[in-house]
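The opening position of the sequence shown corresponds to residue 3 in the numbering used here, with each subsequent residue numbered one higher.
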Amino acid sequence: MPKEQPPRPEPLDPPMVPFALAGIAAWALAGLALLVFRDWLTAHGHQDWLWICLAGFLWGFPGLAVMMRHDANRRRRRAGH
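Below, the structure written as structure tokens:
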């Protein structure tokens, strides 16, 4: 006799905008912290780390737009149920 399986839990679907904002803030803070060591970074050939932080910060804005759209669709899905 097959054993009855418990019902599957609903998948997590948290709001994503806070994650995008946290990522943007993390890249900004990392870049600001590295600005303090700009001379050291340049002397050791790591000046591209600042550019990486800038790129992460700037790419966060398209990501934020996508997450805003995702959250809007999420609210529509939940309103339909």
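Ideal Cβ positions, reconstructed from N, Cα and C, are used throughout, including at glycine. Quantities reported herein were computed from a predicted structural model and do not represent experimental measurements.
In the structure shown, what three-state DSSP assignment does residue i receive?
| i | result |
| --- | --- |
| G58 | helix |
| D15 | coil |
| P64 | helix |
| G82 | helix |
| R71 | helix |
| R10 | coil |
Measuring alpha carbon to alpha carbon, tell me which of the options ends up nearest residue i.
| i | options | result |
| --- | --- | --- |
| A67 | M18, P13, P4 and L14 | M18 |
| F63 | L14, L23, R10 and P9 | L23 |
Could you pull the start and end residues of the alpha helix (DSSP H) that residue i belongs to?
| i | result |
| --- | --- |
| M20 | At residue 20 the sequence reads Pro, which differs from the Met that was named. P20 -> alpha helix (DSSP H) spans V19 to V38. |
Just to confirm, is the Cβ distance from residue i to residue j under 8 angstroms?
| i | j | result |
| --- | --- | --- |
| G58 | W29 | yes |
| L31 | L52 | no |
| M69 | F21 | yes |
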